[in-house]
Each structure stands twice: as C-alpha cells, then as structure tokens.
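Residue numbers (the working numbering): 24 to 313. For each residue, glycine too, the CB sits at the ideal point set by N, CA and C. What follows is a short report on a single structure.
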Ligand code: UTP
C-alpha cells in the first residue's frame, strides 16, 4: 500500500521569471489558492498520509503557507469572520506535511533523491509541484495507486499528446499493444525529434516508484540540461524491474507553462459560484473583439 508522497517544488521556475524571483512557481495562485495546494489535496484525497515537500532556500513561503498563522486566525475570530477563519485553518487538513531542502537545484532526479530517508523501503508517489490534474472522479494519483495494486512495480503517469508536441516530453515505448490505460514499457525516449517519436504517450507529472529507484538516483550522472534527470534513473531501473505507464483520466494543467496557467484560472473561475456569471459575461465581451 502506498502511504507516502513526494512533491518536488525546489526548481528555479525560469519560465515564469521575473515573478519567480520572489514568488515560488508552485505558489502561483489559481485565483485564491496556490497551485501546490491542489496537488497536496489530490494526494490527501488519494489516501496518502505523509507528504514530503522538497523546497529550496528561497521557498520558505511554501512552508509558511501550510503552517498555522495564529495572529491572523485570532484577528479573524475577533472580527467574527468564522468562514475566513475556517478557510485558513483547514488548509491541507488530513495529512502530515514534512519539508526538506534541496540545497542545490541539480534537477528533478536529485530533488527526488532528497526523499530517500523519508521514504525508507516502501513504494511511493511523486507529484510534481507545478502540475495540476483535475477530475471529478478518482484523483489522478489514486488511479495510478490502484494500478500499482495490480503491478507492484513502478508506474509513470502518461497522457496522449500530438506528435508535434512529443519533443517536449519523455515519450514511452510500450512492450506490447495497449489494451487499456496500463501497459508495460520497453523504453522511454527523452524529448525525441518528431520523426523518431516512438508513440504519443508522454510522461506528465505523476509517478509511482519502488524504492529501488534510489539505488540509481544516488549515482545518476547529469543528463539533458546538465541536470540529474529522473527519467535517466528510471531507464536504468527498467533493466532490473518492470516499469509500466498508465494513461491518467483527468484534465492536466502544466502551471509552469503560461498558457496552461491562464486556462487553469479561467476554468476554475468558471466553476466558482461567486465568479462564474461575471466571468462568463467578461469572456463573451472580450471574445467580440477577437
Ligand atoms: P521543472 O523543470 O518544471 O521546474 O520541474 P523548473 O526547473 O523550476 O522550471 P523552469 O523550467 O526553470 O521554468 C518540475 C518540478 O520539479 C521541481 C520544480 O520545482 C517543479 O515543481 N524541481 C526541479 C526541483 O524540485 N528541483 C530541481 O532541481 C528541479
């Protein structure tokens, strides 16, 4: 059974500079809640009890966000703002949150390696801190946890992308023809040229990994972008253990990408009772001039 999750959130967020100079990318607000809170909530809804957030020295705002703010809470209570009090008090309720610093931003693989002592010898989930998966049904990571109950092996969360977009992702080569969302993998190619992309099955921001991954992360050499890549370690893991992919059934927003970020704000706004009518009118008005 999977009880623990790791959320890497220590990257520089260069695609979102200059705001990420002072505000962690993972705290970019989807109207009134930060991206990372939706990701923590996904893990909690999936039944994860312990979550480790990997942060860096200039990301203390993430730790503060998940802490109580006693001064603010007492002011809200004194002003009889009960609703607002519960809003701030109930953030990430239902799981134990842990934090560790990645001292140097050497890449996603290196970020996950920081979780070794926390994870110990059990399988675990990884949810990238800037990647939101929204579904009314089973949370994305729970879909993969259910698949893990069958395989007991590592699983990479995937989605179908257009061939033109395959160069942006790790692309999976299945071992056999796909018969459903779960399939064993033969290979993963990191950011292939369109002509040689083996499929349209792209790795997103969700993983279930066995602890064997740490054996490989510990001595993983730098790869693309001069970073210690998680995909490179998974490729080596594949030689020892089976690795699967699972097509997640959810709407994904890569919040590190500006257009996805704006779409997330619009979609969430259109769901909010206090905003949706006003926002619809605004969108219709603006669309007239497009
Ligand atoms: P990204 O590659 O999207 O994040 O990593 P980045 O490097 O911060 O972003 P850009 O490309 O410069 O804009 C995916 C996740 O892994 C974390 C990031 O914080 C993000 O949530 N990460 C990345 C780390 O925790 N440590 C790293 O060294 C690199």
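Short check: CB of residue 117 to CB of residue 62, under 8 Å? Taking the chain shown and counting its residues from 1, one reaches residue 117 at position 94. Taking the chain shown and counting its residues from 1, one reaches residue 62 at position 39. No. Outside cutoff.
Beta-carbon contacts of residue 38 that lie in its chain and below 6 Å, excluding the five residues immediately before and after: Here residue 38 corresponds to residue number 15 of the chain shown, with the count starting at 1. Cβ neighbours of residue 38 beyond the five flanking positions: 279.
Check whether the segment 173–180 touches the segment 262–271, taking contact to mean three or more Cβ pairs, one atom from each stretch, closer than 8 Å. yes
Check residue 71 in the structure and name its three-state DSSP category. Counted from its first residue, the chain shown places residue 71 at position 48. Reduced to three states, the DSSP call for residue 71 is coil.
Where do the N-terminal and C-terminal ends of the alpha helix (DSSP H) with residue 168 fall, by residue? Residue numbering aside, residue 168 sits at position 145 when the chain shown is read from its first letter. Its alpha helix (DSSP H) spans residues 163–174.
Return the chain-ordered ranges of every beta strand (DSSP E) run that is complete within the segment 123–206 and spans a minimum of 3 residues. 147–150, 154–157, 177–183 and 193–197
Is the CB-CB distance between residue 163 and residue 273 below 8 Å? The residue you call residue 163 lines up with position 140 of the chain shown. The residue you call residue 273 lines up with position 250 of the chain shown. Yes, these two residues count as a Cβ contact at 8 Å.
In terms of residues, what are the limits of the beta strand (DSSP E) holding residue 32? The residue you call residue 32 lines up with position 9 of the chain shown. Run containing residue 32: none; DSSP gives neither H nor E here.
For residue 230 and residue 29, I'd like the C-alpha separation in whole angstroms. Taking the chain shown and counting its residues from 1, one reaches residue 230 at position 207. Taking the chain shown and counting its residues from 1, one reaches residue 29 at position 6. Taking the straight line joining both Cα atoms gives about 10 Å.
Among 294, 200 and 78, the one whose alpha carbon lies nearest that of residue 131: Taking the chain shown and counting its residues from 1, one reaches residue 131 at position 108. Answer by Cα proximity: 78.
Using the three-state DSSP reduction, which class does residue 225 fall into: helix, strand or coil? Sequence index remark: in the chain shown, residue 225 carries index 202 (1-based). Residue state, collapsed to three classes: strand.
C-beta atoms of residue 316 and residue 59 nearer than 8 Å: Since the first residue shown for the chain is 24 and the last is 313, residue 316 is missing from the structure and cannot be characterised.
Taking 7 Å as the cut-off, does the CB of residue 257 come closer than this to any heavy atom belonging to the ligand UTP? Mapped onto the chain shown, residue 257 falls at position 234. No, the Cβ of residue 257 stays beyond 7 Å of every heavy atom of the ligand UTP.
Would residue 297 be called buried (16 or more neighbouring beta carbons within 10 Å of its own) or exposed? Taking the first residue of the chain shown as position 1, residue 297 is located at position 274. Flag for residue 297 reads exposed.
Report buried or exposed for residue 310, applying the criterion of at least 16 other Cβ atoms within 10 angstroms of its Cβ. As a first step, residue 310 is located in the chain shown; it is residue number 287 there, counting from the start. Label assigned to residue 310: exposed.
At a cut-off of 7 Å, is residue 304 close to the ligand UTP when judged by its beta-carbon and the heavy atoms of the ligand? The sequence position of residue 304 within the chain shown is 281, counting from 1. Incorrect: residue 304 has no Cβ contact closer than 7 Å to the ligand UTP.
CA nearest to the CA of residue 3, picked from 216, 175, 214 and 123: An answer regarding residue 3 cannot be provided, because it is not within the stretch 24 to 313 covered by the chain.
Quick check on residue 240: does DSSP put it in helix, strand or coil? The count along the chain shown starts at 1 and reaches residue 240 at position 217. Residue 240: helix per DSSP, three-state reduction.
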